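Student:
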Amino acid sequence: MPTPSSQAFCASSIIGTGSYMPEKVLTNDDLSKIVDTSDEWITTRTGIRERRIAAEDQATSDMAAEAARRALADAGISAEEVNLIVVATVTPDMFFPSTACFVQKKIGATNAVCFDISAACSGFLYALQVARHFINTGNRSTALVIGAEKLSSLINWQDRNTCVLFGDGAGAVVIRRAEEETDAPGRVLSTVMGSDGNLADLLKVPGGGSACPITAENALSRPNTIHMEGRETFKHAVTRMCQASEQALEMAGLKKEDITLIIPHQANLRIIQAIADRLGLPHDKAFINLDKYGNTSAATIPVALDEANRAGRLKRGDILLLVAFGGGFTWASSVVRW
Ligand code: ACO
Numbered sequence: 001m002p003t004p005s006s007q008a009f010c011a012s013s014i015i016g017t018g019s020y021m022p023e024k025v026l027t028n029d030d031l032s033k034i035v036d037t038s039d040e041w042i043t044t045r046t047g048i049r050e051r052r053i054a055a056e057d058q059a060t061s062d063m064a065a066e067a068a069r070r071a072l073a074d075a076g077i078s079a080e081e082v083n084l085i086v087v088a089t090v091t092p093d094m095f096f097p098s099t100a101c102f103v104q105k106k107i108g109a110t111n112a113v114c115f116d117i118s119a120a121c122s123g124f125l126y127a128l129q130v131a132r133h134f135i136n137t138g139n140r141s142t143a144l145v146i147g148a149e150k151l152s153s154l155i156n157w158q159d160r161n162t163c164v165l166f167g168d169g170a171g172a173v174v175i176r177r178a179e180e181e182t183d184a185p186g187r188v189l190s191t192v193m194g195s196d197g198n199l200a201d202l203l204k205v206p207g208g209g210s211a212c213p214i215t216a217e218n219a220l221s222r223p224n225t226i227h228m229e230g231r232e233t234f235k236h237a238v239t240r241m242c243q244a245s246e247q248a249l250e251m252a253g254l255k256k257e258d259i260t261l262i263i264p265h266q267a268n269l270r271i272i273q274a275i276a277d278r279l280g281l282p283h284d285k286a287f288i289n290l291d292k293y294g295n296t297s298a299a300t301i302p303v304a305l306d307e308a309n310r311a312g313r314l315k316r317g318d319i320l321l322l323v324a325f326g327g328g329f330t331w332a333s334s335v336v337r338w
């Protein structure tokens, strides 16, 4: 069981949310013209109806920067007040500099320390926890935590097993130290994280890194695209997300019945419904937008949080359960009191 030690200075609060989704819409019918699939198959198996695809000249940092600007506007603070930027992404603009450094430049956050985190679909919650530690220990006061992905750059458009699942987009939150105030709105009450590298092969982009650089010889087999064992991933996702949810609730001193809204990683509607069932909660307690965007990896939770916020679905005092699972395998869950 997780220890409550990380709770000692627990006083980070989400004070603003923002998101950016690219304009281009790719529907299931569009995909059925590219690979042997159908709207019926994709909708029934995943719940996804369409996804957004970034423009060719749009990098992950462009989407991240726009989401960040919107989060700063929502928080009512300037970019200069930010002293930490953490970007969760598996589709960085390039290996280095970090995408966070590009975001810094684009938004003018001249006082920030910037770096990226790689934890696939769990990346945003990992980044939230890292930023929270910086804030809770007094090292930094104001952070932009961003999940941003251009997954279309990692997709093999001939592989129907994967190309129907993913999309592009970015979401961001501003978190700030809430001093001694214990009931500050948007307070992150708990976070648990886990990883199992023994299962790394089930979901990966095998090529393009140091283990398998892209060469003229291997390029045609597309090793720099997403490879996934869907069924196995599904099973682990449900198990780990349920466990993480229960642990995060326990760490926050709360019960399942206290949850107002689940904001889950948006990979598959059936996964989300299975989690709600195991937690004994009605399906409508889960916020869903994967029908519009598909799986945008690290971006799904901050985008969903922003949409729920702007739609007026979040009320002061609501208990939000954020939960994610992704390549690694990695998983994480946070409880937030809005
Ligand atoms: N259109 C039509 N048929 C398809 C398609 C498609 N797009 N994709 C696969 N099929 C076929 C398969 O070839 C297979 O055919 P066969 O029985 O003749 O061999 C059949 O459909 C069933 O395939 P399964 O893989 O068993 O289908 P399943 O019901 O498991 O659904 C899915 C597949 C949607 C991928 C599901 O397993 C899933 O969502 N897995 C989890 C994904 C996930 O959560 N990822 C998490 C994080 S992602 C990240 O970290 C980047």
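Numbering follows our numbering, in which position 156 of the sequence shown is assigned residue number 156; successive positions increment by one, without gaps.
Even glycine gets a Cβ: it sits at the ideal position worked out from N, Cα and C.
It should be emphasised that the depicted structure is a prediction, and the values quoted were computed from it without experimental measurement.
1. Under 8 Å by Cβ, that's how I've got residue 321 and residue 274 pegged, so tell me the actual separation to the nearest angstrom.
2. Let me know the secondary structure DSSP gives residue 62 once reduced to three states.
3. For the ligand ACO, is there any heavy atom lying closer than 6 Å to the beta carbon of residue 164?
4. Can you find the residues in the same chain that come closer than 8 Å, C-beta to C-beta, to residue 318, ignoring five residues on each side of it along the sequence?
5. Check whether the Cβ of residue 296 sits closer than 6 Å to any heavy atom of the ligand ACO, and report yes or no.
6. Do you know offhand how far residue 129's Cα is from residue 220's?
7. For residue 142, does the three-state DSSP call read helix, strand or coil?
8. What is the DSSP secondary structure of residue 331, counted as helix, strand or coil?
9. Could you check which residue in 96, 329, 52 and 316 has the C-alpha nearest to that of residue 240?
10. Considering only residues of the same chain and omitting the five flanking positions on each side of residue 26, which have a CB-CB separation below 8 Å?
11. Any idea which residues DSSP pairs residue 149 with across the strands?
12. Taking 8 Å as the cut-off, does the segment 150–157 touch the segment 110–123 (at least 3 CB pairs, one atom from each stretch)?
13. Could you check whether residue 100 and residue 87 sit closer than 7 Å to each other, using their CB atoms as the reference points?
14. Count the other CB atoms, across all protein chains shown, that sit within 10 Å of the CB of residue 40; report buried if there are 16 or more and exposed otherwise.
15. Return helix, strand or coil for residue 86, following the three-state DSSP convention.
16. Considering only DSSP beta bridges, list what residue 204 is partnered with.
17. Mapping DSSP to helix, strand and coil, what is residue 2?
18. In the DSSP assignment, the alpha helix (DSSP H) including residue 269 goes from what residue to what residue?
19. Can you tell me where the alpha helix (DSSP H) holding residue 304 begins and where it ends?
20. State buried or exposed for residue 226, treating a residue as buried only when at least 16 other CB atoms are found within 10 Å of its CB.
21. Could you check if residue 43 belongs to the surroundings of the ligand COA, using beta carbon to heavy atom distance under 6 Å?
22. Could you round the C-beta distance between residue 186 and residue 14 to whole angstroms and report it? I think they count as a contact, below 8 Å.
23. Sorry if obvious, but does the Cβ on residue 120 come closer than 6 Å to a heavy atom of the ligand ACO?
24. Taking the DSSP output, what are the residues bridged to residue 286?
25. Nearest CA to the CA of residue 228: which residue from 189, 202 and 252?
26. DSSP on residue 114, reduced to helix/strand/coil?
27. Residue 33: which of 277, 44 and 160 sits nearest, CA to CA?
28. Whole angstroms are fine: how far does the CA of residue 215 sit from the CA of residue 208?
29. For the candidate residues 309, 324 and 323, whose alpha-carbon lies nearest to that of residue 16?
30. Please determine, among 20, 283, 245 and 118, the residue with the shortest C-alpha to C-alpha distance to residue 59.
31. If you draw a straight line from the C-alpha of residue 270 to the C-alpha of residue 305, how long is it?
32. Figure out for me which residue from 30, 284 and 63 has the closest Cα to the Cα of residue 23.
33. Taking the alpha carbon of residue 210 as the reference point, which residue from 294, 197, 224 and 83 has its own alpha carbon closest?
34. Looking at residue 174: is its Cβ nearer than 7 Å to the Cβ of residue 71?
35. Run through DSSP, which three-state label would residue 7 get?
36. Can you tell me which of 104, 298 and 236 puts its alpha carbon nearest to the alpha carbon of residue 196?
Tutor: In this structure, then:
1. Stepping through the sequence shown from its first residue, residue 321 is reached at position 321. Stepping through the sequence shown from its first residue, residue 274 is reached at position 274. Not a contact, Cβ separation roughly 15 Å.
2. Against the sequence shown, residue 62 aligns to sequence position 62. Helix, per DSSP.
3. Locating residue 164 in the sequence shown gives position 164, where the first residue counts as 1. For the ligand ACO, at least one heavy atom lies less than 6 Å from the Cβ of residue 164.
4. To locate residue 318, count along the sequence shown from 1; it is residue 318. The residues are 260, 261, 337 and 338.
5. To locate residue 296, count along the sequence shown from 1; it is residue 296. Answer for residue 296: no, Cβ out of range of the ligand ACO.
6. Here residue 129 refers to the residue found at position 129 when the sequence shown is read from its first residue. Here residue 220 refers to the residue found at position 220 when the sequence shown is read from its first residue. So the alpha carbons of these two residues sit roughly 39 Å apart.
7. Here residue 142 corresponds to residue number 142 of the sequence shown, with the count starting at 1. Looking at residue 142 - three-state DSSP - the assignment turns out to be strand.
8. Working through the sequence shown from its first residue, we reach residue 331 at position 331. Looking at residue 331 - three-state DSSP - the assignment turns out to be strand.
9. Locating residue 240 in the sequence shown gives position 240, counting from the first residue. When each option's Cα is compared against that of residue 240, the closest is 329.
10. The residue given as residue 26 occupies position 26 in the sequence shown. Cβ within range, chain order: 50, 51, 52, 53 and 167.
11. Within the sequence shown, the letter at position 149 stands for residue 149. In DSSP, residue 149 forms a bridge with 169.
12. Fewer than three pairs of CB atoms, one per stretch, sit closer than 8 Å, so the segment 110–123 makes no contact with the segment 150–157.
13. The residue given as residue 87 occupies position 87 in the sequence shown. The residue given as residue 100 occupies position 100 in the sequence shown. In this structure, residue 100 lies closer than 7 Å to residue 87 by Cβ.
14. Locating residue 40 in the sequence shown gives position 40, where the first residue counts as 1. Burial call: exposed.
15. On the sequence shown, position 86 is the one that residue 86 refers to. Residue 86: strand per DSSP, three-state reduction.
16. For the purposes of this step, residue 204 is taken as residue 204 along the sequence shown, with counting starting at 1. Residue 204 is bridged to 227.
17. As a first step, residue 2 is located in the sequence shown; it is residue number 2 there, counting from the start. In this prediction, residue 2 scores a pLDDT of 44, lower than 50, which makes its location untrustworthy; the coordinate-derived value is nonetheless stated afterwards. Residue 2: coil per DSSP, three-state reduction.
18. By one-based count along the sequence shown, residue 269 stands at place 269. It spans 269–279 - the alpha helix (DSSP H) in which residue 269 sits, taken as one unbroken run.
19. Numbered from its first residue, the sequence shown carries residue 304 at position 304. Start and end: 300–310.
20. The residue you call residue 226 lines up with position 226 of the sequence shown. The residue in question, residue 226, is buried, as its Cβ has 16 or more Cβ neighbours within 10 Å.
21. Questions concerning the ligand COA fall outside what the structure shown contains, since the ligands it does hold are the ligand ACO.
22. Within the sequence shown, numbered from 1, the residue matching residue 186 stands at position 186. Within the sequence shown, numbered from 1, the residue matching residue 14 stands at position 14. About 4 Å; that satisfies the 8 Å criterion.
23. For the purposes of this step, residue 120 is taken as the residue at position 120 of the sequence shown. Result yes, Cβ under 6 Å from the ligand ACO.
24. Along the sequence shown, one-based indexing puts residue 286 at 286. In DSSP, residue 286 forms a bridge with 262.
25. For the purposes of this step, residue 228 is taken as the residue at position 228 of the sequence shown. Among 189, 202 and 252, the Cα nearest to that of residue 228 is on 202.
26. By 1-based counting over the sequence shown, the position of residue 114 is 114. Reduced to three states, the DSSP call for residue 114 is strand.
27. The sequence position of residue 33 within the sequence shown is 33, counting from 1. Measuring from the Cα of residue 33, the nearest candidate turns out to be 160.
28. Residue mapping note: residue 208 aligns to position 208 of the sequence shown, counting from 1. Residue mapping note: residue 215 aligns to position 215 of the sequence shown, counting from 1. About 9 Å.
29. Here residue 16 refers to the residue found at position 16 of the sequence shown. For residue 16, the nearest C-alpha among the options comes from 309.
30. As a working mapping, residue 59 is identified with position 59 in the sequence shown. Among 20, 283, 245 and 118, the Cα nearest to that of residue 59 is on 20.
31. Taking the first residue of the sequence shown as position 1, residue 270 is located at position 270. Taking the first residue of the sequence shown as position 1, residue 305 is located at position 305. Going by the C-alpha atoms only, they are around 20 Å apart.
32. Position 23 of the sequence shown holds residue 23. Selected option, being the one with the closest Cα: 63.
33. In the sequence shown, counting from the first residue as 1, residue 210 sits at position 210. For the residues 294, 197, 224 and 83, the minimum Cα distance to residue 210 belongs to 224.
34. In the sequence shown, counting from the first residue as 1, residue 174 sits at position 174. In the sequence shown, counting from the first residue as 1, residue 71 sits at position 71. Cβ atoms of residue 174 and residue 71: closer than 7 Å.
35. Counting from one through the sequence shown, the residue named residue 7 turns up at place 7. Unreliable placement is indicated for residue 7, whose pLDDT of 44 sits below 50; no coordinate value is reported for it.
36. Counting from 1 along the sequence shown, the entry for residue 196 is found at position 196. The shortest Cα separation from residue 196 among 104, 298 and 236 belongs to 236.
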